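Undergrad: Which chain is which? The protein sequence lines are A and B, in order.
The opening position of the first sequence corresponds to residue 1 in our numbering, with each subsequent residue numbered one higher.
The opening position of the second sequence corresponds to residue 67 in our numbering, with each subsequent residue numbered one higher.
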Amino acid sequence: MRVIINGKPEEVAMGVTLLELIETRQLHPSRVVAELNREIVPGDRFANTILSEGDRLELLQFVGGG
Amino acid sequence: MQDMNDIFEIGGERLNSRLFTGTGKYGDDAMIPDVCAASGSEVITVALRRVDFQAATGNVTDHIPKTMRLLPNTSGARTADEAVRIARLARAMGCGNWIKIEVIADNNHLLPDGYATINATETLAAEGFVVLPYVNADLYVARDLVSAGAAAVMPLGAPIGTNRGLQTKEMIRILIEEIDLPIIVDAGLGRPSHACEAMEMGADAVLVNTAIATAADPVTMGRAFGEAVLAGRRGFLAGPGAQRLRADASSPLTGFLEG
Chain A
1 MRVIINGKPE EVAMGVTLLE LIETRQLHPS RVVAELNREI VPGDRFANTI LSEGDRLELL
61 QFVGGG
Chain B
67 MQDMNDIFEI GGERLNSRLF TGTGKYGDDA MIPDVCAASG SEVITVALRR VDFQAATGNV
127 TDHIPKTMRL LPNTSGARTA DEAVRIARLA RAMGCGNWIK IEVIADNNHL LPDGYATINA
187 TETLAAEGFV VLPYVNADLY VARDLVSAGA AAVMPLGAPI GTNRGLQTKE MIRILIEEID
247 LPIIVDAGLG RPSHACEAME MGADAVLVNT AIATAADPVT MGRAFGEAVL AGRRGFLAGP
307 GAQRLRADAS SPLTGFLEG
């Protein structure tokens, strides 16, 4: 199914959880923050948040800044 | 690096160092721990960005010592709403509730939008954030930030990244005199002497990123800024003597040898 991740359309498996998606992308769950359809998903809900067709997901992390 | 009885408190937290540092522009982020140690800084800024899946870059937080207080900024926000959104996301990262509000819609000069900053501050302070807004050195904006619930006011010394020092000195002096919140000079400080000058004037702290990160030797520059901030603070606390237009001899004007 198709979801939008950080503004780009991407194919992901049906029924994939946010935690699985984060881990398959080699990210550490405690190092990212997620916003699903403009709602923040707390880290302790990554495991039981299932993505749906057409979802808009933002995955962000801290980077160097002043 | 501070005198024991000279307490500096932000958002209910006592700080020993009046130098805040950043994590941007380092040639190698692995230098950050050494800069923190050398400078004595206890507060460090970070930005929040979309994960770039193509670039296999390291994570900046791997290089930030656990003892540092993180101060995420809202850079990238062009409106108050965007700043609020970024602040909430930053807090969801679980690294505390401090936020540096930065709302910039001008790409040439990177000057902050005072009105949008006030609006974002009001919203976020009501949500329990410790809000440190980055603004122009403007008395009216600063007063509104006090009313909005800011924890400090961070006026710019010069545009971001310019290293040009305290170009807004007279306006910052007015903020120090009039505003009953910590004044943290942020942006533009390019040399340790600039930081020292801000502290001598009575600024409560300074935030320095570019000047340290882009120095040929960032660790030594971090140390120099730490020392300059401490020296400036001590100079302020010591109460500088009056300035005069004409010479006033330091040695007695009597008892000269006669030929």
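Where a beta carbon is used, it is the ideal one built from N, C-alpha and C, also for glycine.
Predicted model, so just to flag it, every value in this text is computed and none were measured.
1. Indicate the three-state DSSP secondary structure (helix, strand or coil) for B/I110 in the structure shown.
2. Please say whether B/A113 and B/S141 have beta carbons closer to each other than 8 Å?
3. At 7 Å on the CB atoms, spell out the chain B contacts of A/E40, in chain order.
4. Tell me, which residues are paired with B/T87 by DSSP?
5. Keeping to the same chain, check which residues put their C-beta closer than 6 Å to that of A/P33; ignore five residues upstream and five downstream.
6. Please identify the residue among B/N229, B/M134, B/E244 and B/V109 whose C-alpha is closest to the C-alpha of B/A203.
7. Evaluate B/T133 with the Cβ neighbour count: other Cβ atoms within 10 Å of its Cβ, from every protein chain shown; 16 or more gives buried, anything less gives exposed.
8. Helix, strand or coil for B/P138 per DSSP?
9. Report all residues from its chain with a CB closer than 6 Å to the CB of B/P131; omit the five preceding and five following residues, and keep chain order.
10. Note down, in chain order, every chain B residue with its Cβ under 8 Å from the Cβ of A/E23.
11. Work out the CA separation of B/V150 and A/V3 for me, nearest whole Å.
12. So B/A218 packs on B/L198, CB below 8 Å; how close in whole Å?
13. Can you give the Cα-Cα distance for A/L18 and A/G54, rounded to whole angstroms?
14. Report all residues from its chain with a CB closer than 6 Å to the CB of A/V16; omit the five preceding and five following residues, and keep chain order.
15. Closer than 8 Å by beta-carbon distance: list the chain A residues that pair up with B/V112, in chain order.
16. Quick check on B/H165: does DSSP put it in helix, strand or coil?
17. Are the Cβ atoms of B/V109 and B/F74 separated by less than 8 Å?
18. Once you ignore the five residues that flank B/G180 on each side, which residues in its own chain have a CB closer than 7 Å to its CB?
19. Which partner residues of A/K8 appear in the DSSP bridge assignment?
20. When you compare the segment 294-308 of chain B with the segment 88-99 of chain B, are there three or more beta-carbon pairs, one atom per stretch, that lie closer than 8 Å?
21. Candidates B/N185, B/H175, B/A282 and B/S259: which alpha carbon is nearest B/E148's?
22. Looking at the structure shown, is A/V63 part of a helix, part of a strand, or coil, going by DSSP?
23. Skipping 5 residues on each side, what residues in its chain have a beta carbon closer than 8 Å to that of B/L177?
24. DSSP on A/T17, reduced to helix/strand/coil?
25. Could you check whether B/A269 and B/I242 sit closer than 8 Å to each other, using their CB atoms as the reference points?
26. Along the alpha helix (DSSP H) that carries B/A186, what are the first and last residues, could you check?
27. Counting C-beta neighbours from all protein chains within 10 Å, is the total for B/P25 16 or more, i.e. buried, or is it exposed?
28. Which bits of chain B does A/V32 rub up against, with CB to CB less than 9 Å?
29. Whose C-alpha, out of B/D128, B/E168 and B/L81, is nearest the C-alpha of A/H28?
30. Taking 8 Å as the CB-CB limit, is A/N48 close to chain C?
31. Counting along the chain, where does the beta strand (DSSP E) carrying B/R80 start and finish?
32. Between the C-alpha atoms of B/H175 and B/G227, what's the straight-line distance to the nearest angstrom?
33. Apart from the five residues just before and just after B/D210, which ones in its own chain have a Cβ nearer than 7 Å to its Cβ?
34. With the cut-off set at 8 Å, would you say B/R80 and B/R299 are in Cβ contact?
TA: So, from the data block:
1. Strand.
2. yes
3. Contrary to the premise, residue 40 of chain A reads as Ile rather than Glu in this sequence. In chain order: R154, L155 and A158.
4. B/I110 and B/V274
5. According to the sequence shown, residue 33 of chain A is Val rather than Pro. Cβ neighbours of A/V33 beyond the five flanking positions: L60.
6. B/E244
7. exposed
8. strand
9. Excluding sequence neighbours, B/P131 sits near P99 and C102.
10. Residues of chain B passing the Cβ test: none, with the nearest at roughly 13 Å.
11. 25 Å
12. 5 Å
13. 14 Å
14. L51
15. F62, V63, G64 and G65
16. Here the sequence assigns Ile to residue 165 of chain B, which means His is not the residue at that position. B/I165: strand per DSSP, three-state reduction.
17. no
18. V201, N202, D204 and V207.
19. A/I5
20. The segment 294-308 of chain B is not in contact with the segment 88-99 of chain B.
21. B/N185
22. DSSP places A/V63 in strand when its eight states are reduced to three.
23. Contacts found: I170, N202, L222 and P225.
24. strand
25. yes
26. G180 to A192
27. With chain B running from 67 to 325 in the structure shown, residue 25 of chain B is simply not present.
28. V117 and M159
29. B/D128
30. No chain C is present in this structure, whose protein chains are A and B.
31. E79 to L81
32. 10 Å
33. The residues are I184.
34. Going by C-beta atoms, B/R80 is not nearer than 8 Å to B/R299.
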